[in-house]
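These notes concern the structure reproduced below.
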Amino acid sequence: METRKVAEIAISAGEILLSNGAEAYRVEETIAKVCNSYGLTGECISNLTGIFISITGPEGELVTSIKRIRQRRVDLYRVELVNSFSRKLMENPVSYEEAIRILKDINNAPSFSLGIRLMAASMTSFIYTLFFKGTVPDAIVALMISLGIYFILQKIDEVGFFQFLQFFLSGFLIGALSITVQYILPFIHKDNVITGAIIVLLPGVSLTNAIKDILYGDYVSGLAQFGETVLIIIAMSAGIVTALSLFMKWM
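Using the working numbering, the final residue of the sequence shown is 262, and nothing's skipped along the way.
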């Protein structure tokens with residue numbers, strides 16, 4: 012197979028991985044596996060927003076490819092599909108057309124429906140509120156708030172919006188709604204509600220990936236992802252503090 016075509020297969024697989032929440036080392040290992048499957052040697056550098064690969068062809072020619080990653084999400088199902096694809100490719104290399112078709116199918120694979128994601132987010136808030144010693148009414152309020160916030164975030168994300176402003180507004184709404192509900196229903200504890208509602212927005216997978224990348228020696232990618240995680244937490248915290256500062260004066 013032409014070196015250029017192998018590069019296209021490799022970078023397509025890496026793009027799916029990185030844009031769906033995979034670690035940098037996993038992206039680099041997968042690209043190396045794809046190249047080895049076709050008897051070629053490839054080098055790859057992956058960071059938070061881009062993939063850079065260089066493949067040496069059978070006659071010594073170099074093919075370099077760069078892919079900019081503009082949108083990222085967490086979809087570990089697609090990550091697993093690409094991992095499975097790379098393992099099968101090592102055992103039985105397929106044609107260029109077949110490989111690209113498989114990768115397109117993976118990229119277009121249906122994710123969980125919005126209803127299931129909303130149910131998972133709201134139940135997570137409910138359980139964590141109880142876990143942090145909140146009452147059942149606190150947990151119900153946290154469930155309802157997280158349900159609304161998560162739905163709004165999903166719709167905003169489809170349109171495309173400044174990420175950190177999204178999390179600031181989410182934190183602000185969680186704080187404002189918690190104080191408002193406590194004002195109407197004095198037996199509700201706003202601190203427990205805020206803790207339970209915000210838990211579904213915390214970037215746990217990103218933080219875990221950042222630590223794993225650092226431990227694997229991918230310091231640029233790991234520190235960049237760690238910095239992004241910290242900024243997201245700061246944005247949410249700033250939103251909550253702003254809401255508390257404003258609404259506590261009025262109520």
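Just so it is clear, CB atoms sit at the ideal spot from N, CA and C, and this is done for glycine as well.
Are residue i and residue j close, meaning C-beta to C-beta below 9 Å?
{"i": "residue 189", "j": "residue 57", "result": "no"}
{"i": "residue 157", "j": "residue 210", "result": "yes"}
{"i": "residue 133", "j": "residue 164", "result": "no"}
{"i": "residue 90", "j": "residue 27", "result": "yes"}
{"i": "residue 48", "j": "residue 55", "result": "no"}
{"i": "residue 248", "j": "residue 236", "result": "no"}
{"i": "residue 208", "j": "residue 136", "result": "yes"}
{"i": "residue 117", "j": "residue 92", "result": "yes"}
{"i": "residue 94", "j": "residue 37", "result": "yes"}
{"i": "residue 16", "j": "residue 107", "result": "yes"}
{"i": "residue 213", "j": "residue 181", "result": "no"}
{"i": "residue 76", "j": "residue 18", "result": "yes"}
{"i": "residue 178", "j": "residue 246", "result": "yes"}
{"i": "residue 88", "j": "residue 122", "result": "yes"}
In chain order, what residues of the same chain lie with their CB nearer than 7 Å to the CB of residue i, ignoring the 5 residues before and after it?
{"i": "residue 162", "result": "129"}
{"i": "residue 68", "result": "14, 51 and 74"}
Please classify residue i as buried or exposed, where buried requires at least 16 neighbouring CB atoms within 10 angstroms.
{"i": "residue 206", "result": "buried"}
{"i": "residue 29", "result": "buried"}
{"i": "residue 139", "result": "buried"}
{"i": "residue 60", "result": "exposed"}
{"i": "residue 103", "result": "exposed"}
{"i": "residue 250", "result": "buried"}
{"i": "residue 97", "result": "buried"}
{"i": "residue 127", "result": "exposed"}
{"i": "residue 168", "result": "exposed"}
Could you name the residues of the same chain whose beta carbon sits closer than 6 Å to that of residue i, not counting the 5 residues immediately before and after it, in chain order?
{"i": "residue 254", "result": "183, 186 and 187"}
{"i": "residue 258", "result": "187 and 190"}
{"i": "residue 110", "result": "20"}
{"i": "residue 39", "result": "55 and 57"}
What residues in its chain sit with their C-beta under 8 Å from that of residue i, if we drop five residues either side in the sequence?
{"i": "residue 200", "result": "145, 146, 149 and 193"}
{"i": "residue 143", "result": "203, 206 and 207"}
{"i": "residue 240", "result": "214, 217, 218 and 221"}
{"i": "residue 105", "result": "113"}
*asked:* Any contact between the stretch 75-86 and the stretch 32-47? By contact I mean 3 or more CB pairs, one from each, below 8 Å.
replied: With the cut-off at 8 Å, the stretch 75-86 and the stretch 32-47 touch.
*What beta strand (DSSP E) runs, 3 residues minimum, are completely inside the stretch 53-100?*
61-67 and 73-79
_3 or more residues per run - each beta strand (DSSP E) lying fully within the stretch 181-213_ = none
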